[in-house]
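Engineer:
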Amino acid sequence: MYGRRQRLPRRDRLGGDVHTMFRSALVHTALGTEEARLVLGLAEGLRALGVGRVVLANVIDASGLEGPVIAEKVDAVLEGLREACAPLEAAGMKVECRVPTGSDASSELLALAAEAHVDMVVSGSHRKSQMDRLFAGSVSEMLAAHSPVPSLVARFDLIGGSERPAELLRAFPRALVMPTDFSDAAERAVTTVLSLPPESVGEILFLHVTDPSLSGDALRRQTDGASFQLENLVARARGRGLGASWAVEPGGIIETVLAEVEARSAAGVVVGRRAHAVLQETLLGSLLLTLLREAPVPVLVVP
55 MYGRRQRLPR RDRLGGDVHT MFRSALVHTA LGTEEARLVL GLAEGLRALG VGRVVLANVI
115 DASGLEGPVI AEKVDAVLEG LREACAPLEA AGMKVECRVP TGSDASSELL ALAAEAHVDM
175 VVSGSHRKSQ MDRLFAGSVS EMLAAHSPVP SLVARFDLIG GSERPAELLR AFPRALVMPT
235 DFSDAAERAV TTVLSLPPES VGEILFLHVT DPSLSGDALR RQTDGASFQL ENLVARARGR
295 GLGASWAVEP GGIIETVLAE VEARSAAGVV VGRRAHAVLQ ETLLGSLLLT LLREAPVPVL
355 VVP
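So the sequence shown is residues 55 to 357, counted in my numbering.
1) Below 8 Å between beta carbons: does that hold for Val172 and Ser254?
2) Using a Cβ-Cβ cut-off of 6 Å (strictly less than) and excluding sequence neighbours within five positions of Phe226, which residues of its own chain qualify?
3) Quick one: residues in its chain with C-beta nearer than 6 Å to the C-beta of Ala90, no 5 flanking neighbours on either side, listed in chain order?
4) Report the option in Val324, Arg224, Leu222 whose CA atom is closest to the CA atom of Ile258.
5) Determine which residues share a DSSP beta bridge with Lys148 and list them.
6) Given Ile307, which residues of its chain have a CB within under 6 Å of its CB, disregarding the five upstream and five downstream residues?
7) Smallest Cα separation from Leu230: which of Ala280, Arg318, Arg327, Glu137?
8) If you draw a straight line from the alpha carbon of Gly99 to that of Ala272, how long is it in whole angstroms?
9) Which one or two residues does DSSP pair with Phe260 in a beta bridge?
10) Between the Cα of Glu303 and those of Ser267, Gly295, Arg292, Ser249, spot the shortest distance and give me the residue it belongs to.
11) Decide if Phe282 is buried, meaning its Cβ has at least 16 other Cβ atoms within 10 Å, or exposed.
12) What is the residue span of the alpha helix (DSSP H) that Val351 lies within?
13) Thinking just about the alpha-carbon of each residue, which of Thr155, Glu150, Leu287, Asn286 is nearest to the one in Asp115?
14) Going by Cα to Cα distance, which pick from Leu343, Arg347, Val81 is closest to Val203?
15) Taking DSSP's pairing of strands, which residues face Leu80 in a bridge?
16) Would you kindly work out how many angstroms separate the C-alpha atoms of Thr87 and Val288, rounded to a whole number?
17) Return no unless some Cβ of chain D is closer than 8 Å to the Cβ of Gly215.
18) Hey, Val131 and Val108: beta-carbon distance below 8 Å or not?
19) For Gly121, is the classification buried or exposed, using 16 other Cβ atoms within 10 angstroms of its Cβ as the cut-off for buried?
20) When you compare the CB positions of Leu92 and Val149, do they come within less than 8 Å of one another, or not?
21) According to DSSP, is Leu206 part of a helix, a strand, or is it coil?
22) Taking the DSSP output, what are the residues bridged to Thr155?
23) For the candidate residues Leu354, Gln276, His200, Leu206, whose alpha-carbon lies nearest to that of Leu164?
24) Just the Cα atoms here: how many angstroms apart are Leu135 and Pro141?
25) Please name the residue in Ala97, Pro357, Leu354, His180 whose C-alpha comes closest to that of Asp211.
26) Measure the C-alpha to C-alpha separation of Ser160 and Asp278 and round it to an integer number of angstroms.
27) Going by beta carbon distance, what residues of the same chain come within less than 6 Å of Val356, once the five residues before and after it are set aside?
28) Here's the rule: buried if 16 or more other CB atoms are within 10 angstroms of the residue's CB, otherwise exposed. What is Glu195?
29) Under 8 Å by Cβ, that's how I've got Leu346 and Val311 pegged, so tell me the actual separation to the nearest angstrom.
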């Protein structure tokens, strides 16, 4: 079931007074790697999301190293970061270079995000197998799971497949799929999306996936209730000057979200994260991780 698309004329959309939530971002990189080149290229597009300040971070594992050696490594990485940040500055953003030291990169980055008071965290992700994750883990998944601020994750193969990686973020708000179960977590995600610069936002699809085990009257009641709430979300978006539509579909959550992304040529997915499902083998935790690994577009996870 689909709802009617609603959009204000462009002149009205540009005139609204909408608070921009993303003023600053922590970008995680590892100098000297192909992944670093990719994530830096991606980060050039952050200005389109309202970001004016970037904290560019490279964690050094200082385990077993003496103080002078650590200091030398930190100085070398800082110099490399300062050279690497030139394209970000050319894109209109102020850049702070930071080199935390520690054996647990995700913990160091989470601490830095809190210390630097950033509004979002940006990282690239590999499509690791279950065995790879067991032994090596995933910094991007840990950030998405534990960050107190929204975390934007894009697969490295997706970034590498783009001739201009920055366009992935410039295009991100132009066509968004936003699955919702109307929970508090989903509401926080809605608030975040409605704070995006209105001139950057094209169309938001608010999507609710019904329980595939339901049928008859039970399915009809759930569909009717979801439709009512989705219409309210569309009205809120329209009040902000944003284009929006809604859909209610039966089936598996991941399969349905990915199908809508493909059908609508979406540029991004925004999803709320429930605190109790963080990186655990609960239903939502497993679904969130699967979405991060499978989505063919960047995913914004809102805590």
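Don't be surprised by glycine CBs; every beta carbon is placed ideally from N, CA and C. All figures in this text were calculated on a predicted structure; none of them were measured in a lab.
Structural biologist: Inspection of the coordinates gives the following:
1) The count along the sequence shown starts at 1 and reaches residue 172 at position 118. The count along the sequence shown starts at 1 and reaches residue 254 at position 200. Not in contact: Val172 and Ser254 (Cβ atoms no closer than 8 Å).
2) On the sequence shown, residue 226 is found 172 positions in, with the first residue counted as 1. Result list for Phe226: Ala321, Gly322, Pro352, in chain order.
3) Sequence index remark: in the sequence shown, residue 90 carries index 36 (1-based). Result list for Ala90: Thr83, Ala84, in chain order.
4) On the sequence shown, residue 258 is found 204 positions in, with the first residue counted as 1. Taking only the C-alpha atoms, the option nearest Ile258 is Val324.
5) Here residue 148 refers to the residue found at position 94 when the sequence shown is read from its first residue. Per DSSP, Arg107.
6) Mapped onto the sequence shown, residue 307 falls at position 253. So the qualifying residues of the chain are Val263, Leu341.
7) Indexing the sequence shown from 1 puts residue 230 at position 176. Selected option, being the one with the closest Cα: Arg318.
8) Within the sequence shown, numbered from 1, the residue matching residue 99 stands at position 45. Within the sequence shown, numbered from 1, the residue matching residue 272 stands at position 218. Roughly 45 Å between the two C-alpha positions.
9) Here residue 260 refers to the residue found at position 206 when the sequence shown is read from its first residue. Phe260 pairs with Met232, Trp300.
10) Looking up residue 303 in the sequence shown gives position 249. If we check each option's Cα against that of Glu303, Ser267 comes out closest.
11) Taking the first residue of the sequence shown as position 1, residue 282 is located at position 228. Exposed, because fewer than 16 other Cβ atoms sit within 10 Å of the Cβ of Phe282.
12) What you label residue 351 is simply residue 297 of the sequence shown in a count that begins at 1. No alpha helix (DSSP H) holds Val351; DSSP gives it neither H nor E.
13) Counted from its first residue, the sequence shown places residue 115 at position 61. Closest by alpha carbon: Thr155.
14) One-based indexing of the sequence shown puts residue 203 at position 149. Selected option, being the one with the closest Cα: Val81.
15) On the sequence shown, residue 80 is found 26 positions in, with the first residue counted as 1. In the DSSP output, where bridge partners are listed per residue, Leu80 has Val109, Val175.
16) Along the sequence shown, one-based indexing puts residue 87 at 33. Along the sequence shown, one-based indexing puts residue 288 at 234. Roughly 43 Å between the two C-alpha positions.
17) No chain D appears in this structure, which consists of one protein chain only.
18) Here residue 131 corresponds to residue number 77 of the sequence shown, with the count starting at 1. Here residue 108 corresponds to residue number 54 of the sequence shown, with the count starting at 1. Going by C-beta atoms, Val131 is not nearer than 8 Å to Val108.
19) For the purposes of this step, residue 121 is taken as residue 67 along the sequence shown, with counting starting at 1. Exposed, since its Cβ has fewer than 16 Cβ neighbours within 10 Å.
20) For the purposes of this step, residue 92 is identified with residue 38 of the sequence shown, where counting begins at 1. For the purposes of this step, residue 149 is identified with residue 95 of the sequence shown, where counting begins at 1. Taking 8 Å as the Cβ cut-off, Leu92 and Val149 do not qualify as a contacting pair.
21) The residue labelled residue 206 in the question sits at position 152 within the sequence shown. In the structure shown, Leu206 sits in a strand (DSSP, three-state: E or B).
22) Locating residue 155 in the sequence shown gives position 101, where the first residue counts as 1. Thr155 is bridged to Ile114.
23) As a first step, residue 164 is located in the sequence shown; it is residue number 110 there, counting from the start. When only C-alpha atoms are compared, the closest one is His200.
24) On the sequence shown, position 81 is the one that residue 135 refers to. On the sequence shown, position 87 is the one that residue 141 refers to. Distance between the alpha carbons of Leu135 and Pro141 is about 11 Å.
25) The sequence position of residue 211 within the sequence shown is 157, counting from 1. Nearest C-alpha to Asp211: His180.
26) In the sequence shown, counting from the first residue as 1, residue 160 sits at position 106. In the sequence shown, counting from the first residue as 1, residue 278 sits at position 224. Distance between the alpha carbons of Ser160 and Asp278 is about 42 Å.
27) Here residue 356 refers to the residue found at position 302 of the sequence shown. Here the set comprises Pro204, Arg242, Ala243, Thr246, Gly326.
28) Translated into the one-based positions of the sequence shown, residue 195 becomes position 141. It counts as buried.
29) Translated into the one-based positions of the sequence shown, residue 346 becomes position 292. Translated into the one-based positions of the sequence shown, residue 311 becomes position 257. Contact doesn't hold; Cβ gap of about 12 Å is too wide.
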